[in-house]
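Residue 359 in the working numbering sits at position 359 of the sequence shown, with consecutive numbering throughout.
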Amino acid sequence: MTGAGVPGRGLRAEVCRDGAEFGRLAERWASLYARCSTATPFQSHSWLHSWWVSYGTPGALRVVLVRRADGELVAAAPLMRARGPLPVLTQLGGAITDFTDVLLDDACPEAAPALAGALARAARGAVIDLREVRPGAAAEQVFARWRGPRRRLPDSLCLELPAVPMDALLERIPSSRAQRVRAKLRKLDALGIDERIVPEEEVPDALERLLKLHQLQWRGRGVTVEHTSDRFAQHLARAVRPMVGHGDARVTEFRLDGDVVAADLTLMSPRLAGGYLYGVDPLLRERKVDVATMLLRHGARETSASGRATLSMLRGTEPYKQHWRPETVRNQRLMLAGGGTAPLLWLRAGAADGRRWAARQARERAWVGQALGRLRERLPGRLSTLLPGRADGGGG
Numbered sequence: 001m002t003g004a005g006v007p008g009r010g011l012r013a014e015v016c017r018d019g020a021e022f023g024r025l026a027e028r029w030a031s032l033y034a035r036c037s038t039a040t041p042f043q044s045h046s047w048l049h050s051w052w053v054s055y056g057t058p059g060a061l062r063v064v065l066v067r068r069a070d071g072e073l074v075a076a077a078p079l080m081r082a083r084g085p086l087p088v089l090t091q092l093g094g095a096i097t098d099f100t101d102v103l104l105d106d107a108c109p110e111a112a113p114a115l116a117g118a119l120a121r122a123a124r125g126a127v128i129d130l131r132e133v134r135p136g137a138a139a140e141q142v143f144a145r146w147r148g149p150r151r152r153l154p155d156s157l158c159l160e161l162p163a164v165p166m167d168a169l170l171e172r173i174p175s176s177r178a179q180r181v182r183a184k185l186r187k188l189d190a191l192g193i194d195e196r197i198v199p200e201e202e203v204p205d206a207l208e209r210l211l212k213l214h215q216l217q218w219r220g221r222g223v224t225v226e227h228t229s230d231r232f233a234q235h236l237a238r239a240v241r242p243m244v245g246h247g248d249a250r251v252t253e254f255r256l257d258g259d260v261v262a263a264d265l266t267l268m269s270p271r272l273a274g275g276y277l278y279g280v281d282p283l284l285r286e287r288k289v290d291v292a293t294m295l296l297r298h299g300a301r302e303t304s305a306s307g308r309a310t311l312s313m314l315r316g317t318e319p320y321k322q323h324w325r326p327e328t329v330r331n332q333r334l335m336l337a338g339g340g341t342a343p344l345l346w347l348r349a350g351a352a353d354g355r356r357w358a359a360r361q362a363r364e365r366a367w368v369g370q371a372l373g374r375l376r377e378r379l380p381g382r383l384s385t386l387l388p389g390r391a392d393g394g395g396g
């Protein structure tokens, strides 16, 4: 590690560049994590260190730490040097992590300014680019205290529900739909599907079953390729078992006639719980089981009983999530420029704006294409008359 004092605060800043040393921070990191009320399970040491083991690039680690004189951590920023020709520091966790953040000790008012100063020194000649920062995250405190150039950009959309029992969730939707959902729930109960929360010692085997079901569920339908990789499976096996032991994760299996027909991995923090990954035997869909409703009922019951405030659907605005009239929450992208890197900040922010615009245009074109396709199916003759250049796929 490299370190330096923080003048006038009795704190010391360090940069951890060694993966083994990062691994040895587990106990002190867990203590800080417990004292940071905005932390999500994606900031736990188990998740981050396991991710680094599976996905990290040797020599790229840059974990910025702030300690008291007794060695206790009061702030931490899990960063790494990004691949590519430009000097950029980005968060650990990558694309498989829904929320990123720094950790700040709630009881230490000096933590945020000390971490901002330590990050400014660590980022000399580089830009810090933090993706998927949840509103209200600790990183916002660092952003507010940043003395150099900075940019705040929109990032992914997330959907959230209040952590209430299923009956209360049904009150959020139209009565006709609520009646249909109740009928689906009665069908689930009649089938006799049992729910079982997996104990810590059985988690590795349960995760293996979950991933197999996940691949079965998406066979022929465009599964997320990374979810089928060995490194992802190894990451989950390392990370989730200790997270279950610490109360940061829960694995649930659903059995029918003694066979596991569905499995769910939910990640949890004091404020929220979020369904991260699930797998389903296609047999359930063949039997017309509404799997999304089954998982939501279980998640709502467990989350509300635990006293958490939010049931997060994490990133994505898929139509099946919208049925429940969730609140839309947008993550943020926070960019901080180190000394002499303001032009790089504007360049990177401009490129991000351009990619977001292009993605929005692509979505709009796809929506228009789908709408025209539906019209052609319903009114082929009429549409050919109105749009002769497009009805047969020609024209510009």
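All C-beta atoms in this analysis are idealised placements derived from N, C-alpha and C, irrespective of residue type, glycine included.
Being a predicted model, the structure only gives us computed values, none of them experimental.
- For the options Ala239, Pro87, Ala190, Leu73, the alpha carbon positioned closest to that of valine 289 is the one of Ala190.
- Here methionine 335 is bridged, per DSSP, to Asp129, Arg151.
- For the beta strand (DSSP E) assignment, the uninterrupted runs of no fewer than 3 residues enclosed by the region 75–100 are, from N- to C-terminal side, 88–91.
- Per DSSP, reduced to three states, the secondary structure at leucine 344 is helical.
- Just so you know, the alpha carbons of glycine 307 and tryptophan 346 end up roughly 43 Å apart.
- The Cβ neighbour count for threonine 90, taken over all protein chains shown within 10 Å, is at least 16; the residue is labelled buried.
- Alanine 300 carries a helical assignment under DSSP once its states are collapsed to helix, strand and coil.
- When the five nearest sequence neighbours on each side are left out, the beta carbons in the same chain lying within less than 8 Å of the beta carbon of methionine 243 are those of Pro41, Ser44, Ser46, Trp47, Ala249, Leu267, in order along the chain.
- The continuous alpha helix (DSSP H) containing glutamate 21 extends over residues 19–23.
- Excluding its 5 nearest sequence neighbours in each direction, alanine 69 has C-beta neighbours in its own chain below 7 Å: Gly10, listed in chain order.
- Closest option to alanine 309, judged by alpha-carbon separation, among Pro149, Glu132, Pro162: Pro162.
- Approximately 7 Å separates the beta-carbon atoms of leucine 115 and valine 64; this is inside 8 Å, confirming the contact.
- Beta bridge pairing from DSSP links proline 162 with Thr310.
- Of the residues assessed, tyrosine 276 falls on the buried side of the cut-off, its CB having 16 or more other CB atoms within 10 angstroms.
- As DSSP reads the structure, valine 63 sits in a beta bridge with Cys16, Pro78.
- Judged by DSSP secondary structure, aspartate 259 falls within the beta strand (DSSP E) whose first and last residues are 259–268.
- Here the region 309–319 does not lie against the region 136–145, with fewer than 3 beta-carbon pairs under 8 Å apart.
- The residue among Asp194, Arg241, Gln217 with its C-alpha nearest the C-alpha of aspartate 257 is Asp194.
- Of the residues assessed, aspartate 281 falls on the buried side of the cut-off, its CB having 16 or more other CB atoms within 10 angstroms.
- A direct Cα-Cα distance of roughly 19 Å separates glycine 23 from phenylalanine 232.
- Sequence-distant partners of threonine 303 (beyond 5 residues in either direction) whose C-beta falls short of 7 Å from its own C-beta, in its chain, are Ala163, Ala273, Leu311.
- With respect to the 8 Å criterion, leucine 295 and aspartate 259 are not classified as neighbours on the basis of their beta carbons.
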